[in-house]
């Protein structure tokens, strides 16, 4: 089946993380190309920070929020508030990049004429574009599902992996703020959504010391507001060891993206910043001691514990330094279109 170009189009991507949104960028861009304007609106969770993440993306017209956690869109009354919100958009087509029947119901009640989704479970009863994923996709990864749906509809993806856009204003702000720090820049991503994904202050401080001793560049600690205390401990340990490190904690997300785009590499936990770096074609060394390595990007190099050990504590600074040799092999890939 081949779709005709559409008018106003909404993409519902309710997975909450920054990384979840980054993973879906190729699909969002491909869907935007099926519209007459070349742009889509996105409905997602506030934790994705998609309003800042996608602020410079020419394929995105508007981002607005699914607010189930706050209660606004929870329960039957919440569904009706969501319906009212969707009606305001006057959408011709909605894409549901999730298998929830709830969002399909809201789209149906809002009167959106064309409703496209995975069609798994009860959702299939509320869609009207006759394309459904086989039941075998019920446990598939989100990116795999989205790839399969676009393939069934013969919609080409021009991006083999995610591509994030940085605004000129954010790039200028970062260049001015960190002008005194000589390049190359190295970003250390210290954030983590779960404690078992955290490498810890001691290891990060040790890594800073080694990087500085070898003269590999200016080191930046990157994280969200929740990492303030951890970052303070890292700074204290690094200073005690004669390390010098730049504070890039709690930057506005668009500025964090601009900073990452200017870095030689990213080293850090499995978190949103890792996915952002890879989507900016920055070599990203992910520490995967508490989660399965990501394989969706050629710019992500997974560092895992030795075969006979488990957990983040088993990953050593020596392993990270050995992995940095991968940078030279990736230079050609960074220049690919």
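In my numbering, the protein residues as written are 1 to 337.
No residue lacks a Cβ here, since even glycine has one placed at the ideal position from N, Cα and C.
Sixteen is the threshold: since fewer than 16 other Cβ atoms of the shown chains lie within 10 Å of the Cβ of residue 309, the residue is exposed. In the three-state reduction of the DSSP assignment, residue 54 falls in the coil class.
As DSSP reads the structure, residue 291 sits in no beta bridge. CA-CA distance, residue 75 to residue 214, rounds to 57 Å. Check the Cα spacing between residue 6 and each of 65, 319, 114: the tightest is with 114. As computed with DSSP, residue 265 is found in a beta bridge with 186.
Residue 26 sits buried, since 16 or more C-beta atoms from the chains shown fall within 10 Å of its C-beta. In this structure, the beta-carbon distance from residue 29 to residue 13 does not fall below 8 Å. DSSP, reduced to helix, strand and coil, places residue 247 within a strand of the structure shown.
Secondary structure at residue 319: helix, using DSSP grouped into helix, strand and coil. Residue range 228–240 is occupied by the alpha helix (DSSP H) that includes residue 235. Counting other Cβ atoms within 10 Å of its Cβ, residue 45 reaches 16 or more and is therefore classed as buried. If you draw a 10 Å sphere on the C-beta of residue 207, you find 16 or more other C-beta atoms in it, and that means buried.
Under DSSP, residue 222 forms a beta bridge with 189, 248. By the Cβ rule, the region 59–72 counts as touching the region 29–38, because three or more pairs are nearer than 8 Å.
Residue 188 and residue 204 do touch by the CB rule: their CB atoms are close to 6 Å apart, below 8 Å. Within the same chain, and ignoring the five residues on either side of residue 184 in sequence, the residues whose Cβ sits closer than 6 Å to its Cβ are 217, 264. Under the three-state reduction of DSSP output, residue 204 falls in the helix class.
The region 115–125 makes contact with the region 92–104: 3 or more CB pairs, one atom from each, lie closer than 8 Å.
Counting C-beta atoms within 10 angstroms of its own C-beta, residue 272 has 16 or more neighbours from the protein chains shown and is therefore classed as buried. Residue 42 places its beta carbon 8 Å or farther from that of residue 276. Ranked by how close their Cα comes to the Cα of residue 143, the residues 153, 155, 162 have 162 in first place. A straight line joining the alpha-carbon of residue 154 with that of residue 294 spans about 27 Å. Per DSSP, reduced to three states, the secondary structure at residue 214 is coil, with no helix or strand assignment.
Secondary structure at residue 93: strand, using DSSP grouped into helix, strand and coil. Residue 279 places its beta carbon 8 Å or farther from that of residue 301. As the crow flies, the alpha-carbon of residue 136 is around 10 Å from that of residue 145. Given a length threshold of 4 residues, each whole run of the alpha helix (DSSP H) inside the region 93–118 is given here in chain order: 101–109.
The region 47–55 makes no contact with the region 70–89: fewer than 3 CB pairs, one atom from each, lie closer than 8 Å. Take the alpha-carbon of residue 254 and the one of residue 199: they are about 25 Å apart.
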